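One structure below.
There are 2 protein chains.
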Amino acid sequence: MSSDRTRSAILAAAERLYADRGFGDVTLRDIVAEANVNLAAVNYHFGSKDELIAELFVTRSLATNRERLNELKLAEEKGGGRAPIDAILHALVGPTLRGCLGPDREGSTAARFMIRASIESVPPIRRIKNREVDHLRKFIAAMRRAMPGRDDAELYWGLHFALAMSHHTIREKERLTRLSEGQCDLNDVDAIVNRVVAVSVMALTGGETPAKRAPTLPVVPHGRLTRQDL
Amino acid sequence: MSSDRTRSAILAAAERLYADRGFGDVTLRDIVAEANVNLAAVNYHFGSKDELIAELFVTRSLATNRERLNELKLAEEKGGGRAPIDAILHALVGPTLRGCLGPDREGSTAARFMIRASIESVPPIRRIKNREVDHLRKFIAAMRRAMPGRDDAELYWGLHFALAMSHHTIREKERLTRLSEGQCDLNDVDAIVNRVVAVSVMALTGGETPAKRAPTLPVVPHGRLTRQDL
DNA sequence: TTGCAATTCAAACAGTTGTATGAAACTATC
DNA sequence: GATAGTTTCATACAACTGTTTGAATTGCAA
Numbered sequence: 732m733s734s735d736r737t738r739s740a741i742l743a744a745a746e747r748l749y750a751d752r753g754f755g756d757v758t759l760r761d762i763v764a765e766a767n768v769n770l771a772a773v774n775y776h777f778g779s780k781d782e783l784i785a786e787l788f789v790t791r792s793l794a795t796n797r798e799r800l801n802e803l804k805l806a807e808e809k810g811g812g813r814a815p816i817d818a819i820l821h822a823l824v825g826p827t828l829r830g831c832l833g834p835d836r837e838g839s840t841a842a843r844f845m846i847r848a849s850i851e852s853v854p855p856i857r858r859i860k861n862r863e864v865d866h867l868r869k870f871i872a873a874m875r876r877a878m879p880g881r882d883d884a885e886l887y888w889g890l891h892f893a894l895a896m897s898h899h900t901i902r903e904k905e906r907l908t909r910l911s912e913g914q915c916d917l918n919d920v921d922a923i924v925n926r927v928v929a930v931s932v933m934a935l936t937g938g939e940t941p942a943k944r945a946p947t948l949p950v951v952p953h954g955r956l957t958r959q960d961l
Numbered sequence: 732m733s734s735d736r737t738r739s740a741i742l743a744a745a746e747r748l749y750a751d752r753g754f755g756d757v758t759l760r761d762i763v764a765e766a767n768v769n770l771a772a773v774n775y776h777f778g779s780k781d782e783l784i785a786e787l788f789v790t791r792s793l794a795t796n797r798e799r800l801n802e803l804k805l806a807e808e809k810g811g812g813r814a815p816i817d818a819i820l821h822a823l824v825g826p827t828l829r830g831c832l833g834p835d836r837e838g839s840t841a842a843r844f845m846i847r848a849s850i851e852s853v854p855p856i857r858r859i860k861n862r863e864v865d866h867l868r869k870f871i872a873a874m875r876r877a878m879p880g881r882d883d884a885e886l887y888w889g890l891h892f893a894l895a896m897s898h899h900t901i902r903e904k905e906r907l908t909r910l911s912e913g914q915c916d917l918n919d920v921d922a923i924v925n926r927v928v929a930v931s932v933m934a935l936t937g938g939e940t941p942a943k944r945a946p947t948l949p950v951v952p953h954g955r956l957t958r959q960d961l
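Next comes the structure, spelled out in C-alpha cells:
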C-alpha cells in the first residue's frame with residue numbers, strides 16, 4: 732500500500748521531465764533519478780515505459796474530456812436540452828485552451844505536459860488519441876440539435892476547424908508570439924477562446940455573431956487508473 | 732562525381748521509409764539496406780543522420796515556399812501590386828494542401844514525407860520550421876496591403892488560423908475521415924483549399940464572400956543543396 | 001601507367017536504451 | 001514472531017543506435 736508513494740513519485744517526476752524536456756530526451760533513468768526511486772520500479776509499477784506515458788496522458792485527457800462534457804451538459808440544461816452552437820463550441824475548445832495556455836499557475840506542469848504531447852507525437856499517445864472519436868461524436872450530436880438543417884459534413888468540418896485552431900494555437904504559441912512580435916496576446920485565454928469560437932461559428936453559419944462564457948474546473952492530481960481507456 | 736548516385740539513392744530511400752514508417756521507426760541501417768548502399772555512406776555524404784533528415788525536409792519546404800511566393804507574386808501582379816485577401820490566403824495554404832492531400836500521384840512519397848514531418852516532430856525538422864518566420868512575414872506584408880485599415884494583430888491571427896486549418900487537416904485527415912464516416916471528402920483538394928480560404932477570410936473580415944482559384948507546379952526531385960537554409 | 005583524390009566497404013566502437021533477475025527489505029496478518 | 005505477499009534494490013542483460021576507422025577500390029588526370 733505504501734507503494735503509492737513510489738507510483739506517484741514516478742508519475743510526477745515523469746510528467747515534469749517530459750513537460751520540460753520532451754519525450755525524446757528523457758530516459759527512464761532520468762525519471763527514476765528525479766523521483767528518487769529505483770530503476771526497476773517503473774517496470775514493476777507500470778509494466779513498461781510506454782504504459783507509463785499512456786497513463787500520464789490518459790489521466791490528463793480524461794480530465795479535459797470531463798470538463799468538456801460538463802460544460803456541454805450545463806449549456807444544454809440551460810437551453811432546455813438544446814444548447815446554442817457557440818456554447819457547444821465553447822465547451823469543446825475552452826477546457827483544452829484553458830488547460831494549456833495562460834500564465835503559469837498550479838497545474839502548469841500538466842499543461843506543459845499536454846502541450847508536449849501535442850507537439851511531439853509518440854506512439855503510446857497517438858494510440859490513445861485515436862480513440863477520441865467517440866468523445867467527439869457527442870459534440871457532433873449536440874451540434875446537430877443546435878443546427879437541425881445543416882448538412883452533417885458541414886458540422887464535421889466546423890468541429891474539425893475548431894479543433895484545428897485551438898490545437899494549433901497551443902502547438903505554435905511561441906511561434907505566433909514571435910511572428911507577431913508580441914502583438915498577439917497569448918495570455919488572455921478567454922479572448923482566445925472567444926476568438927476561436929467566433930471563427931468556428933462563422934465557419935458553420937457563413938457569417939453571424941457569437942456570444943461569451945468562461946467557467947473553470949480544478950486541476951486533477953494523478954490517481955490510480957483502473958478501467959478508463961479514455 | 733558518380734557519388735551522386737549514392738547520395739540520391741540514400742535521399743530517395745530515406746524519404747520513402749520515413750514517409751511510410753515514421754522517423755522513430757527507421758534506422759540508418761534500414762535506409763542503407765533500402766538504398767543498397769554501405770552504412771558509412773550516410774555519414775560520409777551527409778555528416779549525420781540529423782543532417783540527412785534536415786536536407787530532406789529543407790528541399791521539400793523550399794519547393795513549397797517557392798510555390799507559395801510564386802502564386803502570391805502572380806496574384807499581386809494581376810491586382811497591380813495589391814492582391815485581394817482571398818488570393819493571398821490561397822497562395823499561402825494552396826501549395827501545402829495540394830502537396831500533402833489529394834489522391835496518390837507521382838509525388839506522393841514527398842507528400843507522405845511532409846505529412847510525417849508534420850505529425851512526428853523531430854529536432855532537426857523543428858529547428859528548420861522555426862526559421863519559417865521570415866517567409867510568413869512576406870504574407871503578412873501582402874495582407875497589410877490588401878486590408879490597410881486592419882489592426883496588425885488581426886492579420887497575424889488570420890494567418891495563424893489559416894495555417895491552423897490547413898496543417899490540422901493534413902495531420903488529421905485520417906481521423907476526420909473516420910469521424911465523419913467518409914462524409915468529408917478529403918480527396919477534393921480544391922474544395923478543401925477554398926473552404927479553408929473562405930473561413931480564413933471570414934475570420935479576417937468578420938463575414939463576407941470569397942472567390943476561387945487553382946494552379947499547380949511540378950514536383951521537385953532531390954538535388955544537391957548548397958547555401959539554402961530554407 | 002602512375003599517382004592522387006574521392007568513394008566504398010566491412011568491421012568495430014562506444015554509448016545508451018528499456019527490461020529482467022534474484023536476492024534483500026519491508027509490511028501486514030495470523 | 002513466523003509467514004506470506006508485496007515492494008525495493010543493485011546489477012546484469014541483450015539489443016540497438018549513430019558514428020568512426022582504416023584499408024580497399026574506384027575514377028580520373030598527367
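Residue numbers (our numbering), protein chains in the order written: chain A, 732 to 961; chain B, 732 to 961. Ideal Cβ placement from N, Cα and C applies to all residues, glycine included. Note that the coordinates shown come from a computational prediction; the quantities given were computed from them, not determined experimentally.
Leaving out five residues on either side along the sequence, give the residues of the same chain with a beta carbon under 6 Å from the beta carbon of residue i.
i, result
"Leu820/A", "Ala893, Val928 and Ser931"
"Arg738/B", "His776"
"Met896/A", "Val927"
"Pro855/A", "Asp781, Ile784 and Ala785"
"Asn774/B", "none"
"Ala744/A", "Ile762, Glu765 and Ala766"
"Ala818/B", "Ala806"
"Arg813/B", "Arg876"
"Gly938/B", "Its pLDDT being 49, under 50, Gly938/B is placed unreliably in this model, and the value from its coordinates should be taken loosely. Once the five neighbours on either side are set aside, Gly938/B has no close Cβ partner at all."
Between which two residues does the alpha helix (DSSP H) holding residue i run?
i, result
"Ala814/A", "Careful: Ala814/A lies outside any alpha helix (DSSP H) and carries neither H nor E."
"Ser792/A", "Lys780 to Lys809"
"Phe870/B", "Val864 to Ala877"
"Asn774/B", "Ala771 to Phe777"
"Arg760/B", "Leu759 to Ala766"
"Ser839/A", "Ser839 to Ile850"
"Arg858/A", "Pro854 to Lys860"
Skipping 5 residues on each side, what residues in its chain have a beta carbon closer than 8 Å to that of residue i?
i, result
"Arg875/B", "Arg881, Asp883 and Leu886"
"Leu787/B", "Leu742, Ala745, Glu746, Tyr749, Phe844 and His953"
Can you find the residues in the same chain that come closer than 7 Å, C-beta to C-beta, to residue i, ignoring five residues on each side of it along the sequence?
i, result
"Ser849/B", "His898, Ile901 and Arg902"
"Thr940/A", "For Thr940/A, the pLDDT reaches just 37, beneath the cut-off of 50, and the residue's location in the model is therefore unreliable, leaving the point undetermined."
"Met845/A", "Arg791, Gly830 and Cys831"
"Gly825/A", "Glu802 and Val924"
"Ile816/B", "Met874, Ala877, Met878, Val932 and Leu935"
"Leu748/B", "Val757, Asp761, Ile762 and Glu765"
"Val768/B", "Thr737, Ala740 and Ile741"
"Cys915/B", "Leu907 and Thr908"
"Ala750/B", "Thr840, Arg843, Phe844 and Arg847"
"His866/A", "Asn796"
"Gly755/A", "Glu851"
Does DSSP put residue i in a helix, a strand or coil?
i, result
"Phe754/A", "coil"
"Asp735/B", "helix"
"Arg881/A", "coil"
"Gly937/A", "coil"
"Leu832/A", "coil"
"Ala745/A", "helix"
"Ala740/B", "helix"
Is any heavy atom in the ligand COA found nearer than 7 Å to the beta carbon of residue i?
i, result
"Ile762/B", "Among the ligands in the structure shown, none appear at all, so the ligand COA cannot be discussed."
Problem - Whole runs of the alpha helix (DSSP H) within the region 894 to 924 of chain B, excluding any shorter than 4 residues - result: 904 to 910
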